[in-house]
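Residues 1 to 341 in UniProt numbering are what the first sequence spells out, letter by letter.
First comes the structure, then the notes that go with it.
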Amino acid sequence: MMHPPLTPTDFQQRLISWQQTHGRHDLPWQQDPTPYRVLVSEIMLQQTQVATVIPYFERWMASFPTIEALAAASEDEVMSHWQGLGYYSRARNLRKAALYITEECGGQFPDQVETLLKIPGVGRYTAGAIASFAYNTYGPIVDGNVKRLFCRFFGIEGVPGTTQVDKTLWHLAETYTPNQSNRAFAQGLLDMGATVCKPKNPTCDDCSFQPECIAYQSNRVDQLPTPKPKKTIPTRTGQFLWIESNGKLLLEKRADNGIWGALWCLPQIHLEPEQLGEHVQLKGSFKHTFTHYKLDAKVWHVDRLGEQADNQQWFPFDACAELGLPTPIRKFLTRNAPQSA
DNA sequence: AATTCGGGGGG
DNA sequence: CCCCCAGAATT
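Here you go:
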């Protein structure tokens, strides 16, 4: 039976009620939701699942309990805590955010969407999330959960992520976000998307919005949101160097732009294998798949180094574990370090 | 408007 | 194998 559309007020009341009885209340960042804790959690959660983030969040808070502690930390220390989480610009920006807030905001944490947007690494979604979760004030959010829920509930056609569809989604978010109980409302949106209105096998029978859901009522739940056209990703090759001396390994700190920015890594050269000298022999290889390309990597054993660059440094093998290393590089070291065999 | 940023969860 | 994940910055 098709019902008339829900007014924003009715939508808010039903969602908040659902959140209080069926939503998540035990996530680490929900306990003591200070602006700093909310900021850290929201940055970590960008394009990253809750279960993956939790141990990183706990370790981060143990090492950097306050924004002042984070502002005082070195970039290497920060990158080490982010290693394995991916999208490393988030870590660099989070450190910049701490410096920005402590030094340029007089230690006063921004508390409105407009000023939150000035924080490095904070975009429209994260600004709304901080307003909602940290300050319990009006802060519209549109993330993957909201896109999916809204596309189904409102029957929105078109691929989310395109300008036109996103404009519609954000307009709906601004219209349907209340001016009170924002913490519960925003959490309700995310929890509904994560536990009921899931990408696959959504549990529509348990959904309190089923009577007004356009997708359900028109039997299009499995067709909305409109899927993105898939792309074939290219394969790139990469040549890395294994330079070992006196029980130490030569590593290189990568530039802060590009892949694995600001992480320590085996030195990478931009030559073809055929161009390598006679005294260079293959140490091993690995493959790795990124979002937009596949990496087919070879690691070459080199006896001596021509000239050591400023961004290169020797590390004992056991000290490498403390560094922020790219995941496939870390795995390669684990397999090839002298005493690990 | 498209591309570039990781790595893993789960079907 | 596939799509997706509490997106932002850059081109």
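Virtual Cβ for every residue (Gly too), placed ideally from N, Cα, C.
Residue pairing for Gln312: DSSP places it in a beta bridge opposite Glu252.
Here Gly139 is buried. Its C-beta has 16 or more other C-beta atoms within 10 Å. Here DSSP, grouped into helix, strand and coil, assigns Leu241 to strand. Thr34 is not a Cβ neighbour of Glu68, given a cutoff of 8 Å.
Here Gln187 is near Gly23, since their CB atoms are less than 8 Å apart. For Trp170, the enclosing alpha helix (DSSP H) has its first and last residue at 163–176.
Our two residues, Phe185 and His81, have alpha carbons roughly 31 Å apart in a direct line.
If the five residues before and after Pro328 are omitted, its C-beta is found closer than 6 Å to the C-beta atoms of Phe286, His288, all from its own chain and listed in chain order.
In this structure, Leu85 lies near Tyr56, with their beta-carbon atoms less than 8 Å apart. When Cβ pairs closer than 8 Å are counted between the two stretches, the region 133–147 is seen to touch the region 189–201, the count reaching three or more. Rounded to whole angstroms, Phe109 and Ala72 show a C-alpha spacing of 17 Å. One thing to note: Cys197 has its Cβ within 8 Å of the Cβ of Arg152.
A distance below 7 Å between beta-carbons, with the five flanking residues on each side excluded, links Ser208 to the following residues of its chain, in chain order: Arg14, Trp18.
With a contact defined as Cβ atoms closer than 8 Å, Gly284 and Asn336 qualify at about 6 Å.
By the neighbour-count definition (other C-beta atoms within 10 Å, threshold 16), Arg37 is a buried residue. Bounds of the alpha helix (DSSP H) holding Lys331 are 327–336. Secondary structure of Ala194 (DSSP, three-state): helix. Using a Cβ distance threshold of 8 Å, Gln239 and Leu271 count as a contacting pair.
Along the UniProt domain "HhH-GPD" (44–195), the alpha helix (DSSP H) occurs as fully enclosed runs of 4 or more residues at 50–63, 67–71, 75–82, 89–104, 113–116, 124–135, 144–153, 163–176, 182–195, listed in sequence order. Here the region 260–280 lies against the region 314–327, with 3 or more beta-carbon pairs under 8 Å apart. Per the coordinates, the alpha-carbon of Pro199 lies some 7 Å from the alpha-carbon of Arg148. Counting other Cβ atoms within 10 Å of its Cβ, Ile130 reaches 16 or more and is therefore classed as buried.
Going by beta carbons, Gln46 and Arg90 fall inside the 8 Å limit. Per DSSP, the continuous alpha helix (DSSP H) segment holding Thr21 begins and ends at 8–22. Annotated as distal: Gly161 and Lys118, with beta-carbon spacing of 8 Å or more.
For His25, the closest alpha carbon among the candidates Asp10, Arg183, Thr52, Thr235 is that of Arg183.
The beta carbons of Glu114 and Arg95 sit about 23 Å from each other, so the pair does not count as a contact at 8 Å. Separation of His3 and Ala215 (C-alpha to C-alpha, rounded to the nearest whole angstrom) is 13 Å. Non-local beta-carbon contacts of Ala255 in its own chain, meaning distances under 7 Å to residues more than five positions away in sequence, involve Gly261 in chain order. A buried status is given to Glu42, since no fewer than 16 other beta-carbon atoms sit within 10 Å of its beta-carbon. Nearest Cα to Pro8 within the set Ala127, Gln180, Leu27, Ile156: Gln180. Taking C-beta atoms under 8 Å as the contact rule, Ile233 and Tyr135 fail to qualify, at a distance of about 40 Å. Looking at the DSSP output, Leu282 bridges to Trp300.
Annotation: Gln312 to Gly128 spans about 41 Å, alpha carbon to alpha carbon.
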